[in-house]
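Novice:
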Amino acid sequence: MNEQLKDFFFDEIDRGRLVFEDFPEYNDLFRQSTALFPDGDLPEPVFNLLEAANCISFAHGLKLGLGLREWAAL
């Protein structure tokens, strides 16, 4: 993923404007994922997969939003 987009993603999280925990569906699925690993720690590949999925979702939403904004301006 583009490093600039990834930096923007983490900046949005750090500033509290993107909070996955605000979404009940995310919390439910995250709990299901962590329940598969009773020691409490997600293996690094699983954590990386979840983080990549979050970044990809963010990028897609951002691109969709920018496209809609451009479309609406026409």
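The opening position of the sequence shown corresponds to residue 39 in this note's numbering, with each subsequent residue numbered one higher.
By construction, the Cβ of each residue, glycine as well, lies at the ideal position given by its N, Cα and C atoms.
The structure displayed is predicted, hence computed values, not measured ones.
Give the DSSP-derived three-state secondary structure of G54 in the structure shown.
Specialist: DSSP places G54 in coil when its eight states are reduced to three.
Novice: Suppose only complete runs of 3+ residues qualify. What are the beta strand (DSSP E) ranges in the segment 58 to 84, listed by chain order?
Specialist: Listed in chain order, there is nothing to give.
Novice: Is the Cβ-Cβ distance between A97 and F58 less than 9 Å?
Specialist: Contact: no.
Novice: Could you tell me how far apart the beta carbons of L88 and S71 are, in whole angstroms, since I believe they sit closer than 8 Å?
Specialist: With a Cβ gap of about 7 Å, L88 and S71 count as contacting.
Novice: Whole-angstrom Cβ separation of P83 and F75, contact assumed at under 8 Å?
Specialist: Not confirmed; about 12 Å, so no contact.
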